[in-house]
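In what follows, a structure is listed as structure tokens, so that the remarks can point back to it.
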Amino acid sequence: MNNISDVLNVLIIDDEEGMCMGASRALSSTQVFIDDLKIMVGFSSKSVHSYAEYKNSIVNQKYDLILLDYKLPDGSGLDILQEINEQSKETLVIMMTAYATFETAVQATKLGAYDFLAKPFTPEELRNSVRKAATRFVLAKRAKSFEEEKRKIRFEFISVLSHELKSPINAIDGYLKLLREGSITPGSDNYSMAIERSLVRLEGMRKLIFDLLDMTRIESGQKTRNIEPIDLIATIHQLIDQNKDEAKLGEITINLFSENELKMEADQSEIEIILNNLINNAIKYNRPKGTVDITVLDRQNQVEIQIRDSGIGLTKYEQDKLFNDFVRIKNADTMNIQGSGLGLSTVKKIAALYEGTVSVTSQKGNGSIFQVILKKYLNNTICPQIVT
Amino acid sequence: MSKIKKNILLVDDDVDYLFQKKLELEKEGFNVFTAHSIQPAKKILEETSIDLAIVDLMMQEKDDGFVLSYQIKSLWPKTPVIMVTGVTAQTGLEFDTITENEKKWIKADTIFTKPVRAEQLVREIRRLLVNE
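Heads up: the protein sequence lines correspond to chains A and B, in order.
Numbered per the numbering used here, the first sequence spans residues 1 to 388.
Numbered per the numbering used here, the second sequence spans residues 1001 to 1132.
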């Protein structure tokens, strides 16, 4: 039972030496198990006997928990209580007093005391109060660090996003300046190339913004989901049609293997985001004259969609990080392909809304198979929040 | 500086950046070799005598630039390396090469933040090539 993972610093402020020693002894043998976090917390305590000593003790040390006497030789405990609450919202104070009246208790609580102990109290009463306070303290601290972690992730996301938006701007800016200063002259090969590449980069930027909007809509959970019976096969036909110009460019053949109709309950736009990302990727990361085979399997309460391409494939390492935000696989095969790095991470987030999964099997150079499994009927149509 | 054209290796995963910088540097009289990742860059270094390398920090991995400049400096300690980065303080990848200590672990002679102005880059290249 001795696996203490956190030790709280306790300051005992009381002019009676016997009280300090007793409290300190009770604390040294006390451990608190925080059930929610499955951790054991212990205590380390220090005693001071006056307001002046208290002021000295807090110069270099921060305390998590303070046991505070109501009456001190050189001041009132309530003054200290007020000071503590002005300085740190985290420190919890347990007031101890021999003159426990309803009024003093109310006053202390108003000033921010966490608990109130009436002297004389038993070691067990003290332990109970400290246990409650320690649990509250540790959980509050954890919640705060969780908030900070969330803020940090958001900040990193925005930093990477601004980098991803800056790159195409720099590229287009670069071409325009070369054109302006005459380093690239009209009619030359470089001239049409510079214009072509600028348009490609603009398209990439547009795609990033659209993917970002998709992702934000899904993550915020604010968009009203419109769950209704839809025909998955008709949706796929429509998406193949949408992508046919891009497929034609690479002379890529798209085949669909499925029944004529497959009904499921879903939000049409969410299903379109998933399938459009996968079909579009299968075209973009394919080889010239390649194929894309889409197979839809009806599995009772689930539907399985396989999208197989004959493209460049992925190494094991690339597969592992593929579904994270802003991951773009950069190598000789992909350097001319525009992507936002957000498509697949959004696909994964949407699949989760359908209690589903998305996975990939692939071999470098030998194409990839993306497999999506979605639940056909959702029990509740309330939009679940995604924790980011 | 001698009349012989200096060989410059430019490494960046952005093909447009590579094209534009190559054009700018050729106009300044340099011979420019380009690579979009570590592997082809190393091939060029092995086959050609490179006088100076300009390396982007974030390529396939976000610290590829470090890795490559480290490898360049251990194989060809005298070759100047300019590291270029699009990321700044926000990503936690904050660094510089002002103190000796920083120079020791960041194997680059200079660090620039994108976008780098052509004159600025050329001036730094000339400075490093003279020192060499």
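For each residue, glycine too, the CB sits at the ideal point set by N, CA and C.
The structure displayed is predicted, hence computed values, not measured ones.
Listed in chain order, the positions of the region 1020-1033 of chain B with a beta carbon within less than 7 Å of a beta carbon of chain A are 1020, 1023 and 1027.
Between the region 150-162 of chain A and the region 179-199 of chain A, the count of C-beta pairs closer than 8 Å stays below three; the two stretches do not touch. Residue range 123-180 is occupied by the alpha helix (DSSP H) that includes residue 123 of chain A, with no beta strand (DSSP E) assigned at that position. Beta bridge pairing from DSSP links residue 368 of chain A with A/362. Contact annotation for residue 1017 of chain B against chain A: 167, 170, 171 and 174 [CB-CB distance below 9 Å, chain order]. For residue 1080 of chain B, there are no neighbours in chain A by C-beta distance under 9 Å, as the nearest C-beta there is about 23 Å away. Residues of chain B whose Cβ lies closer than 9 Å to the Cβ of residue 180 of chain A do not exist; the shortest such Cβ separation is about 13 Å.
Sequence-distant partners of residue 285 of chain A (beyond 5 residues in either direction) whose C-beta falls short of 6 Å from its own C-beta, in its chain, are 311 and 312. At a cut-off of 7 Å between C-beta atoms, residue 188 of chain A does not count as an interface residue with respect to chain B. Not a single CB atom of chain B sits nearer than 7 Å to the CB of residue 192 of chain A. DSSP, reduced to helix, strand and coil, places residue 1114 of chain B outside both helices and strands of the structure shown, so it counts as coil. Boundaries of the alpha helix (DSSP H) around residue 202 of chain A: 189-220. Near chain A, meaning a CB-to-CB distance below 7 Å, the residues of the region 1051-1085 of chain B are 1059 and 1060. Contact between residue 314 of chain A and residue 329 of chain A is confirmed by a C-beta separation of about 7 Å, below the 8 Å threshold. Rounded to the nearest angstrom, the gap between the Cα atoms of residue 118 of chain A and residue 96 of chain A is 6 Å.
Contact fails between the region 191-208 of chain A and the region 238-246 of chain A, because fewer than three Cβ pairs, one in each stretch, are under 8 Å apart. Counting the other Cβ atoms within 10 Å of the Cβ of residue 182 of chain A gives fewer than 16, which makes it exposed.
Put simply, the CB of residue 1014 of chain B is near chain A, with a gap under 7 Å to one of its CB atoms.
Excluding the 5 residues flanking it on each side, residue 205 of chain A has same chain C-beta neighbours closer than 6 Å at 168, in chain order. By the Cβ neighbour-count rule, residue 267 of chain A is buried, with 16 or more other Cβ atoms within 10 Å of its own. Excluding the 5 residues flanking it on each side, residue 349 of chain A has same chain C-beta neighbours closer than 8 Å at 215, 218, 219 and 386, in chain order. Annotation note: the region 1001-1066 of chain B contains the following uninterrupted beta strand (DSSP E) runs of length 3 or greater, listed N- to C-terminal: 1007-1011, 1031-1035 and 1052-1056. Counting C-beta atoms within 10 angstroms of its own C-beta, residue 35 of chain A has fewer than 16 neighbours from the protein chains shown and is therefore classed as exposed. When rounded, the separation of the alpha-carbon atoms in residue 1046 of chain B and residue 1077 of chain B is 14 Å. Under the DSSP assignment, residue 308 of chain A falls in the beta strand (DSSP E) whose first and last residues are 302-309. Residue 5 of chain A and residue 40 of chain A have their alpha carbons spaced roughly 6 Å apart. For residue 164 of chain A, the closest C-alpha among the options A/74, A/207 and A/60 is that of A/207. In this structure, DSSP gives residue 228 of chain A an extended state, which the three-state scheme calls strand. When beta bridges are read from the DSSP output, residue 47 of chain A appears opposite A/12.
When secondary structure is reduced to three states using DSSP, residue 113 of chain A falls in the coil class, being assigned neither helix nor strand. Against chain B, a Cβ distance below 8 Å from residue 299 of chain A picks out nothing, because the smallest value is about 37 Å. Under the DSSP assignment, residue 299 of chain A falls in the beta strand (DSSP E) whose first and last residues are 291-299. Less than 7 Å separates the beta-carbon of residue 1069 of chain B from that of residue 1081 of chain B. Rounded to whole angstroms, the Cβ separation of residue 296 of chain A and residue 232 of chain A is 7 Å, and the two are in contact under 8 Å.
Contact annotation for residue 183 of chain A against chain B: 1023 and 1027 [CB-CB distance below 7 Å, chain order]. Assigned with DSSP and collapsed to three states, residue 253 of chain A falls in strand.
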